[in-house]
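Everything on this sheet refers to the single structure shown next.
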Amino acid sequence: MMLSYSIIINAVLLSSNLFSGYYVEATSLRGIDAIHRTAHRTLEDDQIALYLLKEIEMGNTAVLDANADLPQDGKSSYRTDNIQLLDGTIYEVKNAQTGWADNLVSGTDSVRIPPGAIISSDGTIDMNGQPLTTVPDRNLHEDLADRDAHRSDRNRMLQIGTKTVLAVRVILDDGAYSYASQTGLSDDVFGDKVDPSNLKSQYAACSYDQLIFNKALDRSMTTNPNDGTTAISSGVVDVKVDFGVAAGDLVIRNEVTNKINAVFGVSNPDQLANYVMYCMPPGVMSGIAYAYVNSWNSVYSNEWCNFLSTQVHEVRCSVVNAIPSQLTLSPFCAFTIRSGITLDLLTRTSFTDDQSCIMGYSYSQDDSPLMCFNAAKSWQSKWYTSKSKVVDPSAGTDNCFLGNVYGIADYGNAAATTVLVKIDDASATDYYVAFNRKIGINSGTQEAGNQVTVVKVGGEGNSYAESELLAKLSSGGSWSGIVDGKNMTVKVLSINTGSTPAYAYVRISEAGTLCGGPPDPTIPPCLAPGAPVTCTNTVNPNCCSGSCIKRGKKQNTCV
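Count the sequence shown with my numbering and you get residues 84 to 642, in order.
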């Protein structure tokens with residue numbers, strides 16, 4: 084039955100008091116009898132809002148929002164710019180002056196919205212060509228170095244400690260999140276000693292218990308609408324809103340926020356948990372998930388709320404606090420890409436992502452793959468600083484590295500002395516070297532397993548920049564590039580996966596020269612799979628894999 088005009092308008096007004104003094108326009112949506120009317124409110128006075136950058140995952144691709152505007156210079160900023168009001172509702176910015184957000188930090192910087200801007204219940208704010216100006220904060224008189232140091236310290240605080248998470252099962256008039264019960268969703272996010280791999284367990288593993296995600300505290304409703312909305316239990320809550328699937332995620336997301344505020348007596352959902360996951364019904368959104376950088380909110384399409392890789396990816400976007408840059412995604416939030424792969428800005432065609440890192444693809448699997456982060460993202464996390472080294476090409480004594488590099492998966496082993504090496508450039512773009520050990524917490528890496536990787540990223544590893552996988556090196560392999568005006572070479576002298584812990588013996592130097600120590604060892608080529616060897620307990624360090632198999636007294640081979 085077609086809804087009456089008065090019922091629709093009342094529903095819009097009851098959802099938020101923002102749209103007093105509204106006007107409406109009818110918009111045809113999916114379904115013969117479905118009508119959605121958008122309410123608009125023109126601001127008469129200045130309003131302060133928080134700037135948020137939104138990153139959208141479409142499924143093995145990174146793309147702009149379907150409604151995102153390309154800058155006039157033709158360059159993509161890989162972003163959707165948004166503002167958040169005090170109640171937690173978020174609006175995508177339209178028709179603002181080009182470049183207004185270039186130097187803003189998502190989740191940190193506030194902006195002043197001028198009179199005349201039109202806020203709509205469809206989840207957008209139309210600036211009509213007006214500028215949004217930055218609201219000065221207490222760092223206004225600090226120099227850039229001090230300001231960046233302050234933000235770097237805050238970044239560190241965001242990525243350690245114990246945080247709380249609330250997962251929201253969204254219920255609509257004609258659909259509902261349906262992949263798991265409240266108990267099942269809690270298990271897939273927190274484990275509950277049943278699910279083997281989940282958001283909580285993988286972050287605890289990769290951070291070596293430096294970042295722990297716990298359930299939001301149980302909480303009763305202050306106002307019970309008796310419509311299927313529930314109290315918070317085991318880190319999960321059901322929230323019913325009076326809209327259909329056709330309304331879309333921008334509308335529904337804000338309605339869920341308003342409903343949470345109303346039934347739990349809070350002014351913003353972030354008062355219930357540090358991070359809040361909205362699990363949408365099927366068909367509500369075009370992508371599989373998105374998150375707001377350095378914010379409390381991430382949004383998922385049905386089953387993707389339960390899949391390990393998507394949880395890790397999107398919540399990582401929420402945790403990071405980046406230093407501003409002309410580039411746009413934080414190295415933790417941004418997808419990782421392979422060298423030479425680009426995004427077609429006109430057709431929005433996706434690039435091929437780096438699968439050596441959990442921030443590349445998302446996989447439609449509940450408990451796998453087990454992966455951590457690439458060299459650049461691992462450096463930014465500051466989880467491994469005690470076993471990280473810096474090579475400065477311009478320094479006389481620190482311009483060379485020669486030694487074993489161990490995998491992040493072996494960071495907890497006392498024998499693993501170095502797991503990350505940064506090749507420092509005077510510019511904001513630096514290079515990071517790691518041994519992508521395929522074992523344990525990183526056993527599911529889909530690319531460059533047991534190889535040395537070289538990764539490039541801008542912004543000193545802290546800005547909104549995509550990391551780029553430049554090289555995957557086996558024993559004997561090398562990569563060269565100009566860093567700080569010097570031709571720096573990463574040379575893998577050997578890889579030993581038969582050792583415990585396994586390691587790559589690596590030299591990083593100008594033009595591949597020696598590091599002032601003893602000459603490089605003469606290392607014979609490793610043996611390929613199928614080569615006959617002596618095999619003891621399935622281990623032979625001469626095999627390229629470090630492993631062998633017994634096929635009989637005279638038929639032992641590398642694998």
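Beta carbons are placed, not taken as given, at the ideal position from N, Cα and C, and that holds for glycine. Small disclaimer: the values here were computed from a predicted structure and weren't measured.
Count the other CB atoms within 10 Å of the CB of residue i; is the residue buried (16 or more) or exposed (fewer)?
i, result
"residue 335", "buried"
"residue 634", "exposed"
"residue 638", "exposed"
"residue 619", "exposed"
"residue 552", "buried"
"residue 389", "buried"
"residue 127", "exposed"
"residue 199", "exposed"
"residue 328", "buried"
"residue 612", "exposed"
"residue 223", "Residue confidence is low: residue 223 scores 42 on pLDDT, short of 50, so the model does not pin down where it sits. Its coordinate-derived value is still stated next. Exposed, by the Cβ-count rule."
"residue 319", "buried"
"residue 321", "buried"
"residue 445", "buried"
"residue 278", "buried"
"residue 498", "exposed"
"residue 56", "For the chain, the structure presents residues 84 to 642; residue 56 sits outside this window and is missing."
"residue 666", "Outside the modelled stretch of the chain, which goes from 84 to 642, sits residue 666, for which no answer is possible."
"residue 172", "buried"
What residues in its chain sit with their C-beta under 7 Å from that of residue i, if we drop five residues either side in the sequence?
i, result
"residue 610", "616, 625, 626, 627, 641"
"residue 217", "187, 192, 194"
"residue 326", "255, 256, 334, 335, 338"
"residue 532", "519, 521"
"residue 245", "295, 297"
"residue 219", "none"
Do the CB positions of residue i and residue j come within less than 8 Å of each other?
i, j, result
"residue 474", "residue 589", "no"
"residue 401", "residue 358", "yes"
"residue 494", "residue 502", "yes"
"residue 180", "residue 132", "no"
"residue 456", "residue 469", "no"
"residue 129", "residue 214", "no"
"residue 212", "residue 178", "yes"
"residue 540", "residue 507", "no"
"residue 567", "residue 509", "yes"
"residue 169", "residue 351", "yes"
"residue 385", "residue 526", "no"
"residue 575", "residue 563", "no"
Closest by CA to residue i, which one among the options?
i, options, result
"residue 247", "134, 353, 568, 564", "353"
"residue 528", "519, 306, 200", "519"
"residue 572", "550, 536, 585, 581", "536"
"residue 324", "554, 259, 380, 210", "259"
"residue 122", "209, 479, 196", "209"
"residue 398", "139, 511, 368", "139"
"residue 491", "355, 462, 477", "462"
"residue 183", "169, 136, 294, 172", "136"
"residue 534", "557, 526, 541, 525", "557"
"residue 296", "275, 509, 348, 483", "275"
"residue 242", "309, 289, 219", "289"
"residue 565", "595, 312, 479", "595"
"residue 591", "517, 308, 312, 372", "517"
"residue 478", "263, 598, 286", "598"
"residue 174", "309, 124, 369, 554", "124"
"residue 577", "559, 583, 563", "559"
"residue 141", "524, 264, 396", "396"
"residue 530", "383, 264, 554", "554"
"residue 347", "308, 293, 387, 524", "308"
Could you pull out every residue in the same chain whose Cβ sits closer than 8 Å to the Cβ of residue i, ignoring the five residues on either side in sequence?
i, result
"residue 291", "466, 494, 495"
"residue 622", "581, 629, 630, 631"
"residue 593", "476, 482, 483, 569, 570, 571, 572"
"residue 448", "390, 391, 392"
"residue 349", "343, 355"
"residue 273", "248, 281, 282, 283, 296, 297, 298, 317, 318"
"residue 471", "462, 501, 502, 503, 504, 505"
Spatial neighbours of residue i within its chain, please: CB distance less than 6 Å, with the 5 preceding and 5 following residues excluded, ordered by chain position.
i, result
"residue 538", "457, 458, 459, 515, 550, 552"
"residue 314", "303, 304"
"residue 372", "140, 383, 387, 393, 397"
task = Examine the Cβ distances between the segment 272 to 283 and the segment 330 to 344 and report whether three or more of them are shorter than 8 Å.
result = No: the two stretches stay apart, fewer than three of their Cβ pairs being nearer than 8 Å.
request  = Determine, using beta-carbon pairs with one atom in the segment 367 to 377 and one in the segment 177 to 195, whether at least three such pairs fall under 8 Å.
outcome  = Short answer: they touch.
inquiry  = Taking contact to mean 3 or more Cβ pairs, one atom from each stretch, closer than 8 Å, check whether the segment 246 to 255 and the segment 338 to 354 are in contact.
reply    = Touching, per the Cβ criterion.
request  = Please determine if the segment 301 to 309 and the segment 265 to 273 are in contact, where contact requires at least 3 C-beta pairs separated by less than 8 Å.
outcome  = Judged by pairs of C-beta atoms under 8 Å, the segment 301 to 309 does not touch the segment 265 to 273, as fewer than three such pairs exist.
request  = Please determine if the segment 360 to 371 and the segment 200 to 208 are in contact, where contact requires at least 3 C-beta pairs separated by less than 8 Å.
outcome  = As far as the Cβ criterion goes, the segment 360 to 371 does not touch the segment 200 to 208, which means the pair count is below three.
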